[in-house]
Amino acid sequence: MTSRKPIKKAVFPVAGLGTRFLPATKAIPKEMLPIIDRPLIQYAVDEAREAGIEQMIFVTGRGKSAIVEHFDIAFELEATMRERGKDLSILDSSRATPGDIITVRQQVPMGLGHAIWCARAIVGDDPFAIFLPDELMIGAPGCMKQMVEAYNEVGGNLISVLEVPMEEVSSYGVIDPGEANGALTEVKGLVEKPPRDKAPSNKIISGRYILQPEVMRTLEGQEKGAGGEIQLTDAMAKMIGQQPFHAVTFAGRRFDCGSKIGFVEATLALALEREDMGEEVRSMAKRLLD
Ligand code: G1P
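When you read off a place in the sequence shown, starting at 1, and then add 79, the result is the number in this note's numbering.
Printed below as a string of structure tokens:
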């Protein structure tokens, strides 16, 4: 194994308006909606930390400051809890080390590619990860850790993929798969939101990426793609052939928390597995179904 520049930075595009969850997301960011007792963004940040990532770069927008507050030290809260002899360790994963949370603003919603490009000065010349927090990935090890392990083997660019029914491919970025080797598949092509009959496969990009910094140059001045937006998928497609490009099939479960059904499913699935409440939730669910 050759040594690669380690992945220490991750970009989290969190500037979206979250219109699918209105009115819940009128005054709070959708990334702050909780699955049980952790906001969605916390799952993604924890997954990043598990993979050895230290710097979290949030691409935010107006009205999104609660995300940054969440990772700060809540002085009054902690003082009160301490006074009352409460256990503060419950806050541990939401207390970032100073300097580890960085934000940049995406002033206008011009697409995922544009959001990532907004982080270019902080990413600099390092390879970096991207997390789309709507995609909740549950696995042991987590999705990004599996990807970092693959990256240590093959280097270059990696995306996580999973298979969906053919009727759903037009909502996603889709890969044209080449040779496969275990969980790794060579990526020969990428297309964003193709019509079903033009889709090269049913393997979709599922919201986790490890990319080389050159993608920022590719995004620079890139034309609009699917949906009139600057697409990350289009920039990545241009890098195929120039640099290694692989897909990692995630061994674990994925919940699409960008949709209400996915959100409810994730809540129920994780609640059923929790040691502190799983049994009660199970009997409650049975009662409800009867
Ligand atoms: C984005 C990406 C797409 C990817 C999807 C995963 O699309 O552009 O390639 O498959 O996330 O959720 P969006 O959901 O923002 O339309």
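In this text, a Cβ means the ideal position worked out from N, Cα and C, and glycines have one as well.
Is any non-hydrogen atom of the ligand G1P found closer than 7 Å to the C-beta of D213, if you look at the structure I gave you? Distance from the C-beta of D213 to the nearest heavy atom of the ligand G1P is below 7 Å.
Let's see if you can read the secondary structure: which residues bound the alpha helix (DSSP H) around Y230? Y230 -> alpha helix (DSSP H) spans 222-233.
Does the contact criterion of 3 or more C-beta pairs under 8 Å hold for the region 109-128 versus the region 233-248? Result no; under three Cβ-Cβ pairs closer than 8 Å.
Same chain only: Cβ atoms within 8 Å of E157, ignoring 5 sequence neighbours per side: Answer for E157: L167, L170, listed in chain order.
In this structure, does DSSP put M80 in helix, strand or coil? With a pLDDT of only 48 at M80, under the threshold of 50, the placement of this residue in the model should not be trusted; the figure read from the coordinates follows. Assigned with DSSP and collapsed to three states, M80 falls in coil, not helix or strand.
So within the region 122-176, which uninterrupted alpha helix (DSSP H) runs reach at least 4 residues, ignoring any that extend past its ends? Taken in chain order, the unbroken stretches of alpha helix (DSSP H) that lie wholly in the region 122-176 and span 4 residues or more are 144-149, 154-162.
What's the call for Q321, buried or exposed, on a 16-neighbour Cβ count within 10 Å? Flag for Q321 reads exposed.
With a threshold of 16 other CB atoms inside 10 Å of the CB of T139, please say whether the residue is buried or exposed. Its Cβ being crowded by 16 or more others within 10 Å, T139 is buried.
Could you check whether the Cβ of L119 sits closer than 7 Å to any heavy atom belonging to the ligand G1P? No, the beta carbon of L119 sits no closer than 7 Å to any heavy atom of the ligand G1P.
Assuming C222 contacts R287 under a Cβ cut-off of 8 Å, what Cβ separation, rounded to an integer in Å, is found between them? A Cβ-Cβ separation of about 5 Å places C222 in contact with R287 under the 8 Å criterion.
If you compare alpha carbons, which of L351, D369, D355, L368 is closest to R361? Looking at the Cα atoms, L351 is the closest of the given residues.
One question on the structure: do A103 and F210 come within less than 8 Å of each other, judged by their Cβ atoms? No, they are not a contact pair.
Quick check: is any heavy atom of the ligand G1P less than 7 Å from the C-beta of E247? No, the ligand G1P has no heavy atom inside 7 Å of this Cβ.
Residue nearest to P92 in terms of C-alpha spacing, selected from G164, K165, G190, D125: Of the candidates G164, K165, G190, D125, the one whose C-alpha sits nearest the C-alpha of P92 is G190.
Per-residue DSSP class, three states only, for E302: Secondary structure at E302: coil, using DSSP grouped into helix, strand and coil.
Helix, strand or coil at F207 [DSSP, three-state]: F207 carries a strand assignment under DSSP once its states are collapsed to helix, strand and coil.
Under a Cβ-count criterion, where at least 16 other Cβ atoms within 10 Å of its own Cβ denotes burial, should N260 be classed as buried or exposed? Under this definition N260 is an exposed residue.
Identify, in the order they occur along the chain, each residue of the same chain with its Cβ nearer than 7 Å to the Cβ of L311, setting aside the five sequence neighbours on each side. Same-chain partners within the cutoff: L191, G192, I195.
Taking only three categories from DSSP, how would you classify R275? If DSSP states are grouped into helix, strand and coil, R275 belongs with the helices.
DSSP three-state call for S280: helix, strand or coil? Coil at S280, not helix or strand.
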